[in-house]
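Contents: one structure, followed by commentary.
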Amino acid sequence: MTFDDLSALRPDLAFIAHWVPQNAHVLDVGCGDGVMLQYLHSDKQCSGYGIEIADDKVLASTRRGINVIQQDMEKGLAIFGDNSFDTVLCLSSLQMMKQVEDLLRDIVRVGAEAIVSFPNFAYWPHRAALLRGRMPVSKSLPYQWYDTPNLRCATISDFEELANQVGLEVLECVALGADGKPVTFLPSLRGSLAVFRLRKKAVH
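Residue numbers for the sequence shown follow the numbering used here, so the first one is 13 and each next one is one higher.
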């Protein structure tokens, strides 16, 4: 899979991929159909594993040649030792978790760095929907309120605050538009997806 293939299929993942170093050992928590790991393996010579619970997505990942472990990430990453990976990905999965703080701590325990993305609830169409008295539905939040797998709604500022509370250092924070490109002007209002690069704060 080439960068152009990934850009056409998932422009958000194409942007995030540039934060993953060449030859990195990667864990993708909630890897979905495995397209990100397939790209990182073929184009950046990365190694690693995906974790996924859904049967159809595990099958799709396997068909892409991904080493995927079928496991509920809510149960933690105890099967991996400290600093087992260069980079841990948790892309558009965090909002589905019950214990967000615990998972964040576990992610930076097993990885030197983490890349986390989630739908930005402060995105202007979401605000407009709420003003109309409706729950938001968008490309980044594609579900109706009654069938959504999302348990959490967060803004960029909310996540920055939580990261600080659980002892994480924010290395980079970018808001992506619906086209997968960074939004620099009013990112909290105009970005549909928040992306953070994190690591555990150094203890002095």
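Idealized CB from N, CA, C, for every residue including glycine.
Distance CB(residue i)-CB(residue j) smaller than 7 Å
i             : j                : result
proline 131   : serine 152       : yes
histidine 138 : proline 148      : yes
valine 128    : phenylalanine 27 : no
isoleucine 46 : glycine 62       : Per the sequence shown, residue 46 should be read as glycine rather than isoleucine. Cβ atoms of glycine 46 and glycine 62: closer than 7 Å.
serine 59     : methionine 13    : no
valine 38     : leucine 25       : no
alanine 126   : leucine 210      : yes
Selected residue, minimal CA-CA separation from residue i, among the options
i                 : options                       : result
valine 100        : Pro33, Arg146, Gln107, Ile168 : Pro33
alanine 29        : Lys193, Val182, Lys212        : Lys193
leucine 65        : Glu125, Asp84, Leu210, Arg146 : According to the sequence shown, residue 65 is isoleucine rather than leucine. For the residues Glu125, Asp84, Leu210, Arg146, the minimum Cα distance to isoleucine 65 belongs to Asp84.
leucine 103       : Phe133, Gln111, Gly42         : Gly42
aspartate 67      : Gln82, Pro199, Gly145         : Gln82
phenylalanine 171 : Arg146, Thr160, Ala134        : Ala134
alanine 175       : Arg117, Pro199, Arg146        : Arg117
isoleucine 119    : Arg146, Ala72, Asp40          : Asp40
C-alpha distance - residue i paired with residue j, whole-angstrom precision
i                : j             : result
tyrosine 158     : glycine 44    : 22 Å
methionine 48    : leucine 163   : 24 Å
glycine 123      : glycine 179   : 14 Å
arginine 121     : glutamine 156 : 34 Å
valine 195       : serine 169    : 15 Å
alanine 187      : glutamate 173 : 16 Å
alanine 190      : leucine 143   : 21 Å
cysteine 165     : glutamine 107 : 6 Å
lysine 69        : serine 96     : 24 Å
aspartate 16     : proline 23    : 9 Å
serine 204       : alanine 141   : 14 Å
aspartate 94     : glutamine 111 : 20 Å
glutamate 261    : serine 19     : This structure cannot settle anything about residue 261, because the visible part of the chain is limited to 13 through 216.
serine 150       : glutamate 113 : 26 Å
alanine 206      : threonine 167 : 8 Å
phenylalanine 92 : glycine 77    : 21 Å
leucine 71       : proline 161   : 20 Å
Residues near residue i by beta carbon distance below 6 Å, same chain, minus five either side
i            : result
leucine 115  : Met109
lysine 56    : Gln34
alanine 36   : Cys58, Asp98, Thr99
glutamate 12 : Beyond the ends of the chain as shown, which are 13 and 216, falls residue 12; an answer cannot be given.
Beta-carbon proximity list for residue i, same chain, < 8 Å, skipping 5 on both sides
i                 : result
phenylalanine 197 : none
leucine 21        : Val47
lysine 213        : Gly179, Leu180, Glu181
glutamine 177     : Glu113
glutamine 50      : Met13, Arg76, Gly77, Ile78
proline 199       : Ile168, Val186, Ala187
arginine 146      : none
Cβ neighbours of residue i in the same chain (closer than 7 Å, five flanking residues each side left out)
i              : result
tryptophan 136 : Leu201, Arg202
threonine 74   : Val80
N- and C-terminal bounds of the beta strand (DSSP E) containing residue i
i                 : result
aspartate 40      : 37-41
phenylalanine 208 : 205-212
isoleucine 127    : 123-131
glutamate 181     : 180-188
glutamine 82      : 80-82
threonine 99      : 97-103
isoleucine 10     : Lying outside 13 to 216, the shown extent of the chain, residue 10 is not represented and no answer is given.
heavy atom of the ligand GTP below 6 Å from residue i C-beta
i         : result
serine 59 : As presented, the structure is devoid of all ligands, the ligand GTP included, so that no description of it is given.
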